[in-house]
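Chemist:
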Amino acid sequence: MATLVSWNSRGFHRNLTDIKDIINAHHPVSFALQETNLKPEQPAKLRRFSFVRKDNIASERASGGVGLLTSLDYPSNTLSLTTSLQVVAVQINFNVVFSVVSVYLPPNEHIDQERLNELVKQLPEPLLLIGDFNGHSPLWGSKDTNSRGRQIEQLIEDHSLCLLNTGQDTYFHEPTRTFHAICSPSLLPFCTFSVSNDLYSSDHYPIFVSLARRGANSTSRPVRFIVERANWDLFSSVADLTEEMVENVQIDDAVECITNVINQAAVLCIPRTSGKLLKYSKPWWNRDCQEALQKQRKAWGIFRRYPTLRNYLAFKRAKANARKVRRQSQRDSWISYVSRITSSTPSKRVWERVKKACGIYKDHSLSFLEKDGRVISSIEEIANTIGETFSAVSSSRNYSPAFLVIKQRSEKNPIAFNSSNSEPYNRDFTMLELKRALFQTRKSCPGLDGVSYDMLKHLSYKSLNALLTLYNRVWKEHTFPSAWRRAVVIPIAKPGKDSRNPSNYRPIALTSCICKLFEKMVNSRLVYFLEKNSVLSPYQSGFRKGRTTIDNMLLLETSIRKAFLRRNHLVSIFFDIEKAYDKAWRYGILRDLHDSGLRGNLPFFIQNFLNARTFQVKIGSVLSKSFEQEEGVPQGSVLSVTLFSLKINSVLKELPRTILGSLYVDDLQISCRGADMRHIERQLQIALNKIHEWSVKQGFTFSEQKTVCVHFCRKRGLHPEPELYLNGSIIPVAPEAKFLGMVFDQKLTFLSHVLQLRKKCMKALNILKVLANTSWGADRCSMLRIYRALVRSRLDYGSVIYGSARSSVLLKLDPVHHQALRICSGAFSTSPLQSLYVDCYEPSLRLRREQLSLLHYFSILSQLDNPSRLALTDNSCDTLFNARPSCVPPFSLRIRPLIEELSLSDISPQAMQYFEIPPWEQAGIQILEIFPHHTKKSTNNVIYTQLFADHRYKYQEYVPIYTDGSKSTCHVGTAFVIGDHVEGRSLHHASSVLTAELTAIYHSLLYVSKRRHKKFIVYSDSYSALKVLEAFSNTHNPVIFDILKLNSNLTRLGFEILYCWIPGHTGIKGNERADVVAKSAVGISSRLIPISDISSFIKQKILEKWQQFWDVQSFNKLKSVKHRIELWHFNGRRKEEVLLTRLRIGHTRMTHKYLLNADIEPLCSKCGVCLTVRHLLIECPSFNSIRQKYFNSCDLPLDHLIGREAMGPQFLFMDDNAPPHRTVTAEELLESEDIEHMD
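With full-length UniProt numbering, the residue at position 116 of the sequence shown is 116, and numbering never jumps.
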């Protein structure tokens, strides 16, 4: 049975709580609202409902208006009506398609009968009109008749409609029936009309229409596991996978058995949701609200029985009091909720609270579809139609006739991947690979089998071993489980597109997590092979270790700058490939794998992985029939990105030498520069023709509408624009284009990009405004975390590129930064910017851009195969740039003055070695735990030396090696000791202590490799160094690769090397000797600096530069308290945090409000001097007694009161100061100001 509700709410936002209560109680399919009183710019939404509205503005004031909430659990379609009446309509499918119309006809507005007739004629039947008609007639129980009532009677008669009203009162002030429910005759037998007994917060009763249809069932939510409350210990023991389950049985049977065991264990050990429809929660509801509501209902009951004026007034007072109590409770609850966001709150919980606080959620509407002139309304048909559309996209029928000929001819030749499997990448998978793949997984929805990554992570070692056996069987037997070929697809409507068009949906594919885990392992081997053999073009940056979108943008920006320098033209074309993933030719992918030299298990697995892929579309709990994905790489697959990158990789080989091109997965860009536009046109046209020929041979199609051309040129006057054609269609020349998220304009001013960026960031700042006030809310640390994640990350992206813009352009972003810091800290609006930066420990955007530029510069230098590295080392244009200072230099020249300023010229990064160690190789080290239950704080040194002596007695045949690293302000040393042999070296002072510890281990292994003895134990007092070697987790430090590679080579040569942690400075002689040598080492090591250390060193240098600027600040009030730029923590309430911030900065409303109001500076009424925080706290003699009371002294330094160790008495002091200096109270210091006038 479906319930439809209609209510004159007298304001949507005003009575939103009551709307939620009605929904919780009745779960309506549709909720018609009248007098919503909404303005067009006011947002109005409700979770799990779509909202269609028509606002009415009278004299610049929202008055009237209608809305229609429609449940997202049912297919619906908004009807477009041509009428001036306050009406909205939606078609809903509840086992019958009918139109629901929300109507509000104001009582004092004249409405022609013809307008009502035209309205009904536009509505598809059957229909249901519900709303506030403001018509009186004995036909529905009114005592009198008005003109509106006669119009409604005439409307019912003219259109053969049926009235559902039963004579119950629908209006409070007078027993009238102005609410109506009118339906088509075909709906009358199934409809039941009723009126609520509760007014809620309006003066109209809600009315209900129940629609009973055979076969129509109410929806329910899918049942899911609540992993946060799982009993994982029990799960590990119950989910017992054995070797017998996966050996000597069919692969499909083994997969089914494992899946069933895991799911059965999950049912026993993990709670599940009930599947019932969720209700809107009221976390603010408390006993006061309950008591106020009971009093309101009691007063209402008395008034209904005895309708006197006295009882009416008593009811109104009870109702007003209940509303007041609810609002206060909501405010208190909100303040408590956001105030629980503190620095100790885990990041996951922080974002959960932020999303809930800001009303951020994802709801996906379920719309009717239109295909071939036919309207599709049932969920099953919608799912099947969308499935057919997705399947058709990957069908061979979508290929061009020319490619189909090539495809049919090529696929007649089978690809031979046969091999003896002697290749190392064809070995069996190891437990190390499985655990590494599990570690890399993130939270993801399960596929059709219901198994999630969380379940796989909590399997026992025995069960993981059985799973590994299954994987190796699939690997060696060249089979692929049929269950892993199936995917479930969730259709998501594309924003801004017509949701009635089935092609305007994006598929989100969910596949088996058991399969995706295996794919991760296979993908690691495939990527290693492709990278190690240089199969992928260096100009392809997508999803490659160490590469980012900045690399491609930097290449383009450098080319444009050089063209401007030589006063040349540069024409760039930005391509868009239609349905690139869905049209990737599978045979072509396999052919590319074969041509790259792959043979055996790896390509056979990929071949089986791509074949016979099917999917089902899921909408709610309804699954479509099964559809085939004939071509393309599978959506949602781990391998898909790598395979697609391989397939599109060959397009760059088609480009002539005069054309520069780059790829980021499927984002292709090519450019050509020169003085003669005709020459540029010819070169680009040749490239376009080759790219088109390539696309015909490979099955790709370039979008002629979305492919654009930009002519970059700074020449004045008229000059010809390029005329370029792609597949016979001219490519439009645009003044700007968005490339990888950044807008490149033809003059390369980046003004458009900066303006768009500022607009987005200003909108994101609203989240910060919601989370805190000056007296309540999240603490400063959490607010800054949120700012850095939501806003500063956007400012950071591409700053290496757009940082070359003029200062006047870049200054447009500063207000975003300043406003965010003021919101986070609560600083007064007149606070100096430098004080704001230092107090928040957040540098200016200029320093931030410099830091990111330096980091990216050295990161590029550490990648030997990065094309941008050649651009950085190219000095051919240096002289010309120096001769033309008006030309903006490229990144390589812009960064040099900064490197010299910060004395970074002597830094050379060590080359990254991402693919030195094959993923199948057991590269980890073996660590001995000889102090498992002893902590350094609670263990005496004598105990450590005794335990170590016992250990050495057991391992006396192993030669001990003691290593150590040391770091001080200007010295980094490393040393190792073997018997009487001692070696020490100094490293660059930018190196970290971790690098020093690792370097000591590396040099000790080099020394060991020349010894005859084969058994050694490396003793290190750095537990972190041993752990990163064991876990192989820090891929940004190349020393780790060097150690593991050397350790593997020594193991192959018969060496047995163990590693052991020992505590430092506990009297172990070898360790003490190594420590002394490391601190005094003078021999210089030839090793370069890891990029991870350079990153930390750059941060230190930027901080020193910031400190130098801070040191020269004069007349700055914060500087007298905070001399050094450092992070100060404060664990107080938000109100105390803001007060302390304003006191430290020295700008409060009391002392600096005059700047906002253009008044004269206030004076102390007692002393006659300027009123400052310093004067009030430590100078004014009026408060000597109070200082003596709280601090036992009248002569106090300011930093003692509000410095780093400020505790709390100053807040009491401020309150005590209120009588003589009434403006000095905390409340006035914290008085909120207009946030928009901060800059």
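We put the beta carbon where it would ideally sit given N, CA and C, even for glycine.
#1: Pop quiz: W140 and N165 are said to be a contact at Cβ under 8 Å. What is the actual Cβ separation, rounded to whole angstroms?
#2: Starting from E983, follow the beta strand (DSSP E) in both directions and report where the run begins and ends.
#3: Look up L448 in the DSSP assignment and say whether it is helix, strand or coil.
#4: If you draw a straight line from the C-alpha of L1163 to the C-alpha of K1189, how long is it?
#5: Looking at the secondary structure, which residues open and close the beta strand (DSSP E) in which L79 lies?
#6: Rounding to the nearest angstrom, what Cα-Cα distance links E1068 and F976 in this structure?
#7: Please work out which residues of its chain come closer than 8 Å, Cβ to Cβ, to I907, disregarding the five sequence neighbours upstream and downstream, and give them in chain order.
#8: By the three-class DSSP mapping on this structure, what secondary structure does D1215 have?
#9: Under 7 Å between the Cβ atoms of V617 and V489?
#10: Can you tell me where the alpha helix (DSSP H) with K1189 in it begins and where it stops?
#11: Taking the straight line between their C-alpha atoms, what separation do you get for I19 and G301?
#12: In angstroms with no decimal places, state the Cα-to-Cα distance between W585 and L646.
#13: Which residue's Cα is closest to the Cα of Y914: N1037, Y1007 and H933?
#14: Roughly how many angstroms separate the alpha carbons of M1 and K298, rounded to a whole number?
#15: Give me the DSSP bridge partner(s) of D1075.
#16: Can you give the beta carbon distance from R47 to V88, rounded, assuming they're within the 8 Å contact cut?
#17: Kindly indicate which residue of S804, S147, Y1154 and F644 has the alpha-carbon position closest to the one of L751.
#18: Among the candidates Y337, A737 and L556, whose CA atom is the shortest distance from the CA of Q756?
#19: Return the bridge partner residues of K738 from the DSSP annotation.
#20: Under 6 Å from any heavy atom of the ligand FMN, does the C-beta of S662 make it?
#21: Look at the alpha carbon of Q122 and the alpha carbon of L155, and state the distance between them as a whole number of angstroms.
#22: Helix, strand or coil: which one does DSSP assign to A772?
#23: Could you name the residues that DSSP lists as bridge partners for S671?
#24: Apart from the five residues just before and just after P878, which ones in its own chain have a Cβ nearer than 7 Å to its Cβ?
#25: One question on the structure: do F700 and I577 come within less than 7 Å of each other, judged by their Cβ atoms?
#26: Write down every uninterrupted run of the alpha helix (DSSP H) in the region 624-663 whose length is 4 residues or greater and which is fully enclosed by it, in chain order.
#27: In three-state DSSP terms, what is Y1059?
#28: Taking the alpha-carbon of N321 as reference, which of D253, Q294, S336 and Y306 has the nearest alpha-carbon?
#29: For H1152, does the count of other Cβ atoms within 10 angstroms reach 16, so buried, or fall short, so exposed?
#30: How is the alpha helix (DSSP H) around W7 delimited, first residue to last?
#31: Given 8 Å as the limit, is there contact between the region 963-973 and the region 1016-1030, that is, 3 or more CB pairs closer than that?
#32: Could you name the residues that DSSP lists as bridge partners for K1015?
#33: Start and end of the beta strand (DSSP E) containing I207?
#34: Quick one: using the 10 Å Cβ neighbour count with 16 as the cut-off for buried, is G741 buried or exposed?
#35: What distance in whole Å lies between the Cβ atoms of I262 and A239, which are believed to be in contact at a cut-off of 8 Å?
#36: Could you check what DSSP says for K143 in three-state terms: helix, strand or coil?
Modeler: Answer, in terms of the structure:
#1: 4 Å
#2: H981 to L987
#3: coil
#4: 26 Å
#5: S76 to L79
#6: Glu is not the amino acid found at residue 1068; the sequence shown has Ile there. So the two alpha carbons sit approximately 14 Å from each other.
#7: F858, H988, A990, I1089, I1094 and F1097
#8: Any answer about D1215 is weak, because its pLDDT of 49 lies below 50 and its placement is not dependable; what the coordinates show is given next. Helix at D1215.
#9: yes
#10: N1184 to F1191
#11: 22 Å
#12: 11 Å
#13: N1037
#14: 32 Å
#15: Looking at the DSSP assignment, D1075 forms no beta bridge with any residue, so it has no partner.
#16: At roughly 20 Å, the Cβ-Cβ gap does not stay under 8 Å, so R47 and V88 are not in contact.
#17: S804
#18: A737
#19: V743
#20: Questions concerning the ligand FMN fall outside what the structure shown contains, since it holds no ligand whatsoever.
#21: 14 Å
#22: strand
#23: S572 and L660
#24: Pro is not the amino acid found at residue 878; the sequence shown has Asp there. Taken in chain order, the residues that qualify are L893.
#25: yes
#26: 639-648
#27: strand
#28: Q294
#29: buried
#30: It is not in any alpha helix (DSSP H) - W7 instead sits in the beta strand (DSSP E) that spans A2 to N8.
#31: yes
#32: E1056
#33: I207 to L211
#34: exposed
#35: 5 Å
#36: coil
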